[in-house]
Amino acid sequence: MTGTTWTFVKASWKGGTRFVVENRDGGRLTLVARNSEGDTPRRFSMVDAFIASLASCTGTNVILLLDDSGITPRSFTVKAECVFRHDEPRVFETIHLIFLVGGDIEEEVVRTAVRRSVTAVCPIAVTLGRSVEITWDLRMKKR
651 MTGTTWTFVK ASWKGGTRFV VENRDGGRLT LVARNSEGDT PRRFSMVDAF IASLASCTGT
711 NVILLLDDSG ITPRSFTVKA ECVFRHDEPR VFETIHLIFL VGGDIEEEVV RTAVRRSVTA
771 VCPIAVTLGR SVEITWDLRM KKR
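Residues in the sequence shown are numbered consecutively from 651, following the working numbering.
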């Protein structure tokens, strides 16, 4: 093991199913499991934030791996499609990531970066991948 990174978040209950999460740098995020009656559903749920973390972690690492090769995509988006069990035990049954990449880039270079990100570099994907199959697809757009 070459090293470890310590991270910290604090989740403070604010009533109902609302929590304000704060990281060690003072960044804040409000998470709501269920919106109050009459509430406009514009907040992230805990599950939304979890999957968003997976998508953004794998995406960040793909961008960094491409950058190491001197490659910058014209556009880049990661979508996550999940099947979640609502009965107990409440688990993700499948997670499928779709990487949408635009630019004049060799597909195999991007494919290698995505594979490394999902299976070895993004700690969220690697850890989650131990309990649920994470599949992925790459869609390239040259123009």
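A virtual CB, placed ideally from N, CA and C, is assigned to each residue, including glycine.
Being a predicted model, the structure only gives us computed values, none of them experimental.
| Would you call the CB atoms of Val751 and Met790 closer than 8 Å? | yes
| field | Secondary structure of Arg761, DSSP reduced to three states | value | helix
| message | Please state the DSSP three-state secondary structure of Ser787. | response | Before going on, a small fix: residue 787 reads as Asp here, not Ser. It is a strand residue.
| Can you tell which of Val759, Thr777 and Ile745 has the C-alpha that lies nearest to the C-alpha of Lys729? | Ile745
| task | Check each candidate in Lys792, Cys772, Thr655 and Gly665 and name the one with the smallest Cα separation from Leu715. | result | Cys772
| Boundaries of the alpha helix (DSSP H) in which Thr708 is found, first to last residue | Met696 to Asp718
| query | Helix or strand or just coil, what does DSSP make of Thr680? | reply | strand
| Ser781 (DSSP reduced to helix, strand or coil) | coil
| Does the beta-carbon distance from Phe749 to Val764 come in below 8 Å? | yes
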